[in-house]
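What follows is one structure encoded as C-alpha cells, with my remarks underneath.
There are 2 protein chains.
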Amino acid sequence: MTTKEKILDTARILFNEQGIRSTTTRHIAASMPISPGNLHYHFRHTEDIVIALFEQLKKKYDKMMEEVQELSLTQLDDLVPVFDILYDQINNYRFLFIHFVEISSWIPEIKKDYQQLLLRREEQFKNWLDALTKQGVIVNLADKTREGIIKKLFIVGDFWISHNALYKQYTGDEARQDFVSTLRSVLSPYVNTTKAK
Amino acid sequence: MTTKEKILDTARILFNEQGIRSTTTRHIAASMPISPGNLHYHFRHTEDIVIALFEQLKKKYDKMMEEVQELSLTQLDDLVPVFDILYDQINNYRFLFIHFVEISSWIPEIKKDYQQLLLRREEQFKNWLDALTKQGVIVNLADKTREGIIKKLFIVGDFWISHNALYKQYTGDEARQDFVSTLRSVLSPYVNTTKAK
Numbered sequence: 001m002t003t004k005e006k007i008l009d010t011a012r013i014l015f016n017e018q019g020i021r022s023t024t025t026r027h028i029a030a031s032m033p034i035s036p037g038n039l040h041y042h043f044r045h046t047e048d049i050v051i052a053l054f055e056q057l058k059k060k061y062d063k064m065m066e067e068v069q070e071l072s073l074t075q076l077d078d079l080v081p082v083f084d085i086l087y088d089q090i091n092n093y094r095f096l097f098i099h100f101v102e103i104s105s106w107i108p109e110i111k112k113d114y115q116q117l118l119l120r121r122e123e124q125f126k127n128w129l130d131a132l133t134k135q136g137v138i139v140n141l142a143d144k145t146r147e148g149i150i151k152k153l154f155i156v157g158d159f160w161i162s163h164n165a166l167y168k169q170y171t172g173d174e175a176r177q178d179f180v181s182t183l184r185s186v187l188s189p190y191v192n193t194t195k196a197k
Numbered sequence: 001m002t003t004k005e006k007i008l009d010t011a012r013i014l015f016n017e018q019g020i021r022s023t024t025t026r027h028i029a030a031s032m033p034i035s036p037g038n039l040h041y042h043f044r045h046t047e048d049i050v051i052a053l054f055e056q057l058k059k060k061y062d063k064m065m066e067e068v069q070e071l072s073l074t075q076l077d078d079l080v081p082v083f084d085i086l087y088d089q090i091n092n093y094r095f096l097f098i099h100f101v102e103i104s105s106w107i108p109e110i111k112k113d114y115q116q117l118l119l120r121r122e123e124q125f126k127n128w129l130d131a132l133t134k135q136g137v138i139v140n141l142a143d144k145t146r147e148g149i150i151k152k153l154f155i156v157g158d159f160w161i162s163h164n165a166l167y168k169q170y171t172g173d174e175a176r177q178d179f180v181s182t183l184r185s186v187l188s189p190y191v192n193t194t195k196a197k
C-alpha cells in the first residue's frame with residue numbers, strides 16, 4: 001500500500017466513524033501517523049481526499065456493473081450476491097451516502113459527477129431489466145414501471161443506510177440482510193411466475 | 001402569528017435555503033428583524049429551534065395520519081391527495097430530511113423521538129394496508145411483503161427529496177408529481193385487479 005492509499009483508507013474510516021465535519025487533514029495525519037506536511041504533499045485539502053474516495057467508490061461500482069452485465073441470471077435470487085457486494089461498498093463508504101446532499105453542495109465537482117454517473121447507471125439498469133425480462137426472470141415491464149423500479153433501486157440503494165441509522169440501527173449480518181431483502185423487494189413483485197423451471 | 005411562531009417560520013425557511021450549519025440564531029434574528037436578545041428569550045440555542053420545528057412537523061404528520069385512517073379508499077388513486085399533503089410537509093421542512101442523520105446525531109432527543117414515531121407509524125401503516133386489503137383495493141399481503149412495502153414507503157418518503165437534490169433537481173409541480181408517482185409505485189404492484197368496480 002502506498003502512502004496515498006493509506007491516507008485514503010485512514011480518512012475513509014475516520015469519516016465513517018466521526019463524520020465529515022470533525023475530521024480534518026490534521027486528524028488523518030495524526031492517526032496514521034505521518035506528518036501534516038507529508039499528508040499535504042499528497043492532498044492539499046480535505047475536499048481532495050473526499051473527491052479521491054468518491055473516485056474509488058465509482059471505480060468499484062463500475063467494476064460491479066460490468067460483472068452484473070455478464071451474469072447469467074435465471075432467478076431473482078441470483079442477484080443476491082450482487083446486492084451483497086453493493087452492501088459492502090455502501091457500508092465501506094457510508095459517510096458519502098449519509099452526507100451525500102451536504103457533500104454535493106460542498107464539492108460541486110462531486111455533484112456533477114454523481115449526476116452523470118446516475119444518468120449512465122439509469123441506461124445500464126434499463127438494459128439490465130430488459131435482459132431479465134428476456135431471460136424470463138421478470139415479466140414484461142411498461143416504460144413507466146421500469147422507470148419507477150430504477151428510481152426505487154436508486155433511492156433504496158443510496159439511502160437505506162441513512163434509514164437504518166435513523167431507525168433500526170442494524171449492524172453486521174442483520175444490516176446486510178435487511179439491505180439485501182429491501183432491494184430484492186423492489187424487484188420481487190415483477191418476478192415471472194409462469195416461467196417453466 | 002406570535003413572535004415565537006414567526007421565529008420558527010423564519011428559521012425553517014433559512015434552514016431550507018442555506019442549510020443548518022450556516023444558519024445561526026443571530027442570522028434568524030437579523031432576517032426577521034428582531035433583536036438577538038428577543039430571540040434568545042424564546043429559544044436559547046439553535047437546537048431548541050430545530051426541536052420545535054421537528055415537533056411542528058410531527059403534529060402535522062399525526063393529523064395527516066388521522067385523516068388517512070378516516071378516508072374511504074376505493075382505488076389506489078384515492079391516495080394521491082394524501083401523498084400530495086405529505087409532499088408539502090416534506091418540502092416545507094426539507095432541511096430536516098436532507099440532514100436527518102446529521103441532525104439526529106447532533107440532537108439525540110430528535111433521534112429517540114423519531115425512532116418512536118416510526119415504530120408508531122409502522123403499526124399505523126400495517127393497519128392501514130390491512131384495511132386497503134379488506135376494501136379490495138390491494139391484494140392479500142404476506143407479513144414479509146407488507147413489511148417490505150412499509151420499509152420502502154419510509155425510505156422513499158424520507159429520502160426522495162435527497163435523491164431529487166442529487167439527481168434530477170425537479171422543482172414545483174414536476175417535483176411533486178415525481179414524489180407522488182414514486183410513492184404510488186411502491187403500492188401499485190399490489191393493486192387488486194380482480195376487484196369488481
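Here the protein sequences come in this chain order: B and D.
Using the UniProt record's numbering, the first residue of the first sequence is number 1, and each one after it goes up by one.
Using the UniProt record's numbering, the first residue of the second sequence is number 1, and each one after it goes up by one.
For each residue, glycine too, the CB sits at the ideal point set by N, CA and C.
ask   = Would Glu102(B) count as contacting chain D if we go by Cβ distances under 8 Å?
value = Among the residues facing chain D, Glu102(B) is included, as its CB has a counterpart in that chain under 8 Å away.
key: Member of Ile7(B), Ser31(B), Pro33(B) and Ile161(B) whose CA lies at the smallest distance from the CA of Gln56(B)   = Of the listed residues, the one whose Cα sits closest to Gln56(B) is Ile7(B).
request  = Under 8 Å by Cβ, that's how I've got Arg146(B) and Leu118(B) pegged, so tell me the actual separation to the nearest angstrom.
outcome  = Rounded, the Cβ-Cβ distance is 15 Å, inconsistent with contact.
request  = Please name the residue in His99(D), Asp84(D) and Leu53(D) whose C-alpha comes closest to that of Val68(D).
outcome  = Asp84(D)
message = Any beta carbon from chain B within less than 8 Å of Lys151(D)'s own beta carbon?
response = Residue contact check for Lys151(D) against chain B: a CB pair falls below 8 Å.
key: Near-chain B residues of the region 164-180 of chain D (beta-carbon distance less than 7 Å), N- to C-terminal order   = Contact residues of the region 164-180 of chain D toward chain B are Ala165, Leu166 and Tyr167 (C-beta to C-beta distance below 7 Å).
inquiry  = On a Cα-Cα basis, can you pick out the residue from Ala175(B), Gln135(B) and Arg176(B) that is closest to Ser72(B)?
reply    = Cα-wise, what sits closest to Ser72(B) is Gln135(B).
query = Mind pulling the chain B residues with CB within less than 8 Å of Ala118(D)?
reply = In the sequence as presented, Ala is not what sits at residue 118(D); that position holds Leu. By Cβ distance, chain B contributes Leu166 and Tyr167.
query = For the region 166-174 of chain D against the region 168-188 of chain B, are there 3 or more C-beta pairs whose distance is under 8 Å?
reply = no
message = Looking at the ligand GDP, does it come within less than 7 Å of Ala29(B), judged from the CB to the closest heavy atom?
response = Among the components modelled here there is no ligand, and therefore nothing to report on the ligand GDP.
inquiry  = Could you check whether the Cβ of Asp158(D) sits closer than 8 Å to any Cβ belonging to chain B?
reply    = yes
task = Kindly list, in the order they appear in chain E, the residues whose Cβ is closer than 7 Å to that of Ser162(B).
result = The question asks about chain E, but that chain is absent: this structure's protein chains are B and D.
request  = Would you please verify whether the beta carbon of Ser185(D) is less than 8 Å from any beta carbon of chain B?
outcome  = yes
ask   = Using a C-beta cutoff of 8 Å, does Lys197(D) count as contacting chain B?
value = Residue confidence for Lys197(D) is low, a pLDDT of 46 falling below 50, so the modelled location carries little weight and cannot support an answer.
query = What residues from chain D crowd round Gly148(B), counting only those whose CB sits closer than 9 Å?
reply = Ser181, Thr182, Arg184, Ser185, Val186 and Ser188
key: Contact set between Ile155(B) and chain D, taken where Cβ atoms lie within less than 7 Å   = Ile155, Val156, Phe159, Trp160 and His163
Chain B within 8 Å of Arg114(D), Cβ atoms only = According to the sequence shown, residue 114(D) is Tyr rather than Arg. Output row for Tyr114(D): interface = yes.
Inter-residue Cα distance where the pair is residue 201(B) and Asp178(B) = Residue numbering for chain B in the displayed model covers 1 to 197; residue 201(B) lies beyond these limits and cannot be assessed.
inquiry  = Rounded to whole angstroms, what is the Cα-Cα separation between Asn192(D) and Asn127(D)?
reply    = 17 Å
inquiry  = Here's the rule: buried if 16 or more other CB atoms are within 10 angstroms of the residue's CB, otherwise exposed. What is Leu183(D)?
reply    = Counting the other Cβ atoms within 10 Å of the Cβ of Leu183(D) gives 16 or more, which makes it buried.
ask   = When we look at the beta-carbon of Lys63(D) and count the other beta-carbons within 10 Å, is it buried (16 or more) or exposed?
value = exposed
key: Classification of Leu140(D) by the beta-carbon crowding that lies within 10 angstroms, buried from 16 upward   = Here residue 140(D) turns out to be Asn, not Leu, going by the sequence shown. It is exposed - the Cβ of Asn140(D) has fewer than 16 other Cβ atoms within 10 Å.
message = Three or more C-beta pairs under 8 Å: does that hold for the region 7-20 of chain D against the region 92-99 of chain D?
response = yes
message = Runs of 4 residues minimum, wholly inside the region 50-129 of chain B: which ones carry the alpha helix (DSSP H) assignment?
response = 80-92, 94-98 and 100-106
message = For Gly37(B), count the other beta carbons within 10 Å of its own beta carbon; 16 or more makes it buried, fewer makes it exposed. Which is it?
response = exposed
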